[in-house]
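Residue numbers (mature numbering (1 follows the signal peptide of the UniProt record, and there is no 0)): -28 to -1, 1 to 554. Note that beta-carbon positions come from the ideal geometry of N, C-alpha and C, so glycine has one too.
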Amino acid sequence: MTDLSRRRLLTLSGGVAAGSLLPPSVHAALAEPFRPGGLGAIEHVVILMQENRSFDNYFGTLRGVRGFGDPDALKGVFEQSGVLPFSAREAAERANRPGSDIQYLGSLDHSWDGGQAAWANGWNNGWVPAKSKSTMAYYDREDIPFQYELAETFTLCDAYHASVFGPTNPNRLFMWSGNVGYEPGTNRRVVDNDAYDEDNHPGYPWTAYAERLESRGVAWKTYQEWDNYQDNALEFFTRFKQIARKALQPLGLKSMDRFYANLFKAAPAERETLLKQLDAGVRALDRAERSLYDRALARVRPGELAKAFRADIESGRLPKVSYLVPSAADSEHPSASSPAASAKLTYDILDAIASNPKVWAKTALILTFDEFDGYFDHVPPPVPPAARTEEFTDGKPIGFGFRVPTTVVSPWSVGGFVSSETFDHTSIIQFLERWTGVYEPNISPWRRTVAGDLTSTFDFRHAGRRPRLDKPAAVPAPVPRWKPAPPAEQSLPQQEPGTRPARPVPYRPEAWAKLEGRTLVLTLRNFGTRSAHFTIYPYGKEFAAPKHVDVLGLQIVRIPLPGKEYDIEVHGPAGFRRTFIS
């Protein structure tokens, strides 16, 4: 890539970009009339799931979304153990670091136990003890201008949640298969990264959605490099592990991860020998195995993911469903990557699509994140009512997890909209179900009740406004990872003033209460088209922990009171809140 191309790409240092950071090809494509026809107008869906960022960490200051200015937040949620959200850039200044160092903040605890501790049984007030004070650091538009421009050009979801309170792999399993089962040979649900021990892990026996697409003749493909950061969860399913081991028989290896680890260590001449041995093993696969190998397990050389994706577009071979699995360096993970590196990859993917106006006109890109790392988000996620026992493990709800940034990029999602419908990673599969007709039985009834299918993020009737056309600026060098500290004197950050256009939500929530003796009778109503998830908070200690209720129509909740006084709040979707206090 030329220096000029790099300068066009993104601004990674301090200072606001002078103009647009999006590829010129995107601007040219947006100037064209959009294609009518509803979901049928879409011919390609591209899914780019990045690593470990929370919504507030990225967009807490963005105007018109549920960020730091949320008037309907939980009481006191922005002050976590005496620490308020603080600017990563200002933390760098206090530490005498250049502004560009904010690209390389370190990763925090993002374990299953840590996620549960931060959630704190629904009160969402355990972040600092679980994650450290650095959890409260955030970026703003000066720090990550590319991500902000994407959000302001297309449609940003501010109620899209990770699927699990835990780390990367269980969340990716939800995106690839709609659920998590049990660790093989145990009664433990999959809420950790056990499968990363690829040589010894026996694999997950349930079916991945890609296999269902394959069986129905729907073209799909996974794009990945030699280093895929173990982010391709398809490799952990039994069927794909069997295929990998058969292909690797000439080398005596058990996993693709081991093969590529050896490949990176090998001298150049030895690398070519290893690749030839792998090719020989692949040729021994039968037709069905070879198809799954080529679509799920094949990898391209380092730095060539975007190149391979572009080549398929240019040759007319882009499948209906594309999964993009970046390398560690491009993954946006705080321990291995940066917002800057991810912006470069995203730019290249966008440019590959938009450089072909015919492909752009029929393509939707879903850009999301698997989980939140250890960075704070103020919105407690929906979790299942206690009766949904299949959604619990060891007495704890599996999910949803906390909010993650999600942007829907397409000709039908232009305009800087915000979507506040509730989503999680199963929403991606539910969207693919609507679009392809291929059903995924792994998705639980509760997830289907609470999580939408992303169709509301599109407007197939109207074209959005065009963004401005200018060029961005320059790029800084990487530095060792570091963890920001809050200032001595703190204040709640100001969210940008103003509003943004909103996509419609399918809820019409309301709540009211009346006292009957020593019982508070709470009526929850939702006359929308989808179930609304309500959480009832007992600030007066009327009961032990927040209660969770899913409502379509009317539901009565009777709350026995320990005394004459009560202090109850009801929170629902899209910022709904009602307070009942004696």
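The alpha helix (DSSP H) with residue i in it runs from where to where?
i: ASP522; result: Looking at the DSSP string, ASP522 is not in any alpha helix (DSSP H); the run it does join, the beta strand (DSSP E), is 519 to 523.
i: LYS103; result: 99 to 103
i: THR398; result: 398 to 408
i: TYR30; result: 27 to 31
i: VAL297; result: Not the alpha helix (DSSP H): VAL297 falls in the beta strand (DSSP E), residues 293 to 297.
i: ALA324; result: 311 to 326
i: residue 555; result: Within the shown structure, residues of the chain are numbered from -28 to 554, placing residue 555 beyond reach of any answer.
For the putative contact between residue i and residue j, defined by C-beta atoms under 8 Å, what is the C-beta separation to the nearest angstrom?
i: ARG375; j: HIS543; result: Going by Cβ atoms, the distance from ARG375 to HIS543 rounds to 14 Å, so no, they are not a contact pair.
i: LEU11; j: TRP418; result: Not really, about 25 Å apart at Cβ, beyond 8 Å.
i: GLU4; j: PRO469; result: With a Cβ gap of about 33 Å, GLU4 and PRO469 do not count as contacting.
i: TYR111; j: ALA60; result: 6 Å
i: SER385; j: PHE341; result: At roughly 18 Å, the Cβ-Cβ gap does not stay under 8 Å, so SER385 and PHE341 are not in contact.
i: TRP345; j: SER135; result: Per the sequence shown, residue 345 should be read as Asp rather than Trp. 15 Å between Cβ atoms; not a contact.
i: ALA300; j: ASP169; result: With a Cβ gap of about 18 Å, ALA300 and ASP169 do not count as contacting.
i: TYR201; j: SER294; result: Actually they do not touch by this definition, with Cβ atoms about 18 Å apart.
i: ASN165; j: ASN204; result: That pair is no contact at about 13 Å.
i: LEU296; j: VAL18; result: 7 Å
i: ALA517; j: GLY94; result: 6 Å
i: ARG267; j: LYS193; result: 5 Å
i: GLY54; j: GLY138; result: Incorrect: roughly 27 Å between the Cβ atoms, too far for contact.
i: HIS173; j: ALA167; result: 5 Å
Under 7 Å Cβ to Cβ from residue i, same chain only, skipping five residues before and after it: list those, please.
i: LYS486; result: VAL493
i: GLN527; result: LEU496, VAL521
i: LEU533; result: ARG490, THR491, LEU492, GLU514
i: THR501; result: PRO478
Looking at residue i: is its Cβ nearer than 9 Å to the Cβ of residue j?
i: LEU(-7); j: LEU128; result: no
i: ALA398; j: ALA423; result: The identity of residue 398 in the sequence shown is Thr, whereas the question assumes Ala. Cβ atoms of THR398 and ALA423: closer than 9 Å.
i: ARG161; j: THR365; result: yes
i: GLY32; j: GLN467; result: yes
i: ASP302; j: SER309; result: yes
i: TRP99; j: PHE348; result: yes
i: PRO383; j: PHE6; result: yes
i: ALA109; j: PHE58; result: yes
i: ILE400; j: VAL163; result: no
i: ARG184; j: VAL355; result: no
i: ARG480; j: PHE499; result: yes
Kindly list the residues whose CB is nearer than 8 Å to the CB of residue i, restricted to its own chain and excluding five residues on each side of it in sequence; keep chain order.
i: LEU322; result: LEU(-7), PRO(-6), SER(-4), VAL(-3), LEU337, VAL381
i: TRP178; result: SER149, ASN151, GLY153, PHE209, ASN414
i: ASN471; result: Reading off the sequence, residue 471 comes out as Thr, not Asn. Result list for THR471: ARG35, GLY36, in chain order.
i: LEU441; result: Here LEU441 scores only 33 on pLDDT, less than 50, and its place in the model should not be relied on; the value that follows carries that caveat. The answer, listed in chain order, is GLY(-10), SER(-9), PRO(-5), HIS(-2).
i: ASN68; result: none
i: PRO274; result: GLU197, TRP198, ASP199, SER299
Flag residue i as yes when its Cβ comes closer than 8 Å to any non-hydrogen atom of the ligand ZN, and as no otherwise.
i: ASP251; result: Among the components modelled here there is no ligand, and therefore nothing to report on the ligand ZN.
Over the uninterrupted beta strand (DSSP E) stretch that includes residue i, give me the two end residues.
i: TYR195; result: 192 to 196
i: LEU80; result: Run containing LEU80: none; DSSP gives neither H nor E here.
i: GLU244; result: Note, GLU244: premise wrong, no beta strand (DSSP E); alpha helix (DSSP H) at 240 to 255.
i: ASP539; result: 539 to 543
i: TRP384; result: Counting along the chain, TRP384 falls outside any beta strand (DSSP E), and DSSP gives it neither H nor E.
i: LEU269; result: Element bounds for LEU269: n/a, residue is neither H nor E.
i: TRP332; result: Premise fails: TRP332 lies in the alpha helix (DSSP H), 329 to 332, not in any beta strand (DSSP E).
Going straight from the alpha carbon of residue i to that of residue j, what length do you get?
i: ASN96; j: ALA13; result: 41 Å
i: LYS334; j: SER104; result: 45 Å
i: GLU343; j: GLU23; result: 7 Å
i: ALA92; j: ILE508; result: 15 Å
i: ASP251; j: SER106; result: 46 Å
i: TYR30; j: GLY224; result: 44 Å
i: ALA(-12); j: GLU114; result: For ALA(-12), the predicted model reports a pLDDT of 36, less than 50, meaning its position is unreliable and no value from the coordinates is stated.
i: GLU207; j: TYR538; result: 52 Å
i: LYS218; j: GLY157; result: 23 Å
i: ARG437; j: VAL390; result: In this prediction, ARG437 scores a pLDDT of 49, lower than 50, which makes its location untrustworthy; the coordinate-derived value is nonetheless stated afterwards. One C-alpha to the other measures close to 14 Å.
i: LEU77; j: LYS455; result: 6 Å
i: ALA446; j: PHE118; result: In this predicted model, ALA446 has a pLDDT of only 43, less than 50, meaning its place in the structure is not dependable; the value taken from the coordinates is given anyway. If I take the Cα positions, the gap works out to 12 Å.
i: ARG255; j: GLN221; result: 12 Å
i: PRO510; j: THR361; result: 23 Å
i: ALA180; j: ASP229; result: 19 Å
i: SER554; j: GLY512; result: 10 Å
i: GLY535; j: ALA504; result: 30 Å
i: ALA449; j: SER79; result: 19 Å
i: residue 558; j: GLY253; result: Nothing can be reported for residue 558: it is not among the residues displayed for the chain, which extend from -28 to 554.
Cutting at 6 Å between CB atoms, please list the residues of its own chain near residue i, excluding the five before and the five after it.
i: ILE116; result: PRO311
i: ILE540; result: PHE552
i: ASP44; result: GLY547, ARG549
i: PHE281; result: TYR195, ALA324
i: ILE74; result: ALA60, ARG61, ALA64, ASP115
i: SER392; result: ASP130, ALA131, VAL477, ALA546
i: GLY41; result: GLN467
i: ALA191; result: PRO291, LYS292
If we cut at 9 Å on Cβ distances, does residue i have a partner in chain C?
i: ALA134; result: Note that chain C does not occur in the displayed structure, where there is just one protein chain.
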